[in-house]
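**Q** First, the structure itself, so that you have it in front of you.
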Amino acid sequence: MACGFLIRIVHNTIQLCHQTVREFLLKQSLDQGLLGVGQTVAHALLAEICLRYLLLEEIETPQGVEEADAQKYPLLAYGLAYWRLHVRSSNGI
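Heads up: the sequence shown is residues 1099 to 1191, going by the working numbering.
Here is the structure:
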């Protein structure tokens, strides 16, 4: 599945179509200044998003995550798998 020319979704994973897309998104000084964030800041934002999502009251279950939950909450699997990586990569921002 493709989403324009910038990203593609393969097996529920978002991938950038080209290295230049990554470079553009990480560029420190864009003309508008809105999209350009450093990698550390991006990881901090993703860590916060993952943790906030995982702490949503409606997805907290004492039994753990079930397959049905993954269908209902698509960010759940990503958040569970990658929140630690994003926290570590944010360098404590």
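Backbone N, C-alpha and C define an ideal beta-carbon position, used for all residues, glycine too.
Compare the beta carbon distance of His1109 and Leu1144 with 8 Å and say whether it is the shorter of the two.
**A** no
**Q** Could you give the DSSP three-state label for Val1108: helix, strand or coil?
**A** strand
**Q** Among the residues of its own chain, which have a CB less than 6 Å from the CB of His1141, if the five just before and after it don't count?
**A** His1184, Ser1187 and Ser1188
**Q** On the CB-based measure, 16 or more other CB atoms within 10 Å of its CB, does Gly1177 come out buried or exposed?
**A** buried
**Q** Helix, strand or coil for Leu1114? Go by DSSP, reduced to three states.
**A** Three-state result, Leu1114: strand.
**Q** Just to confirm my understanding: we take Ile1194, look at its own chain, exclude 5 residues before and 5 after, and list those with CB closer than 6 Å. What are they?
**A** Residue 1194 lies beyond the stretch modelled for the chain, which goes from 1099 to 1191, so this question has no answer here.
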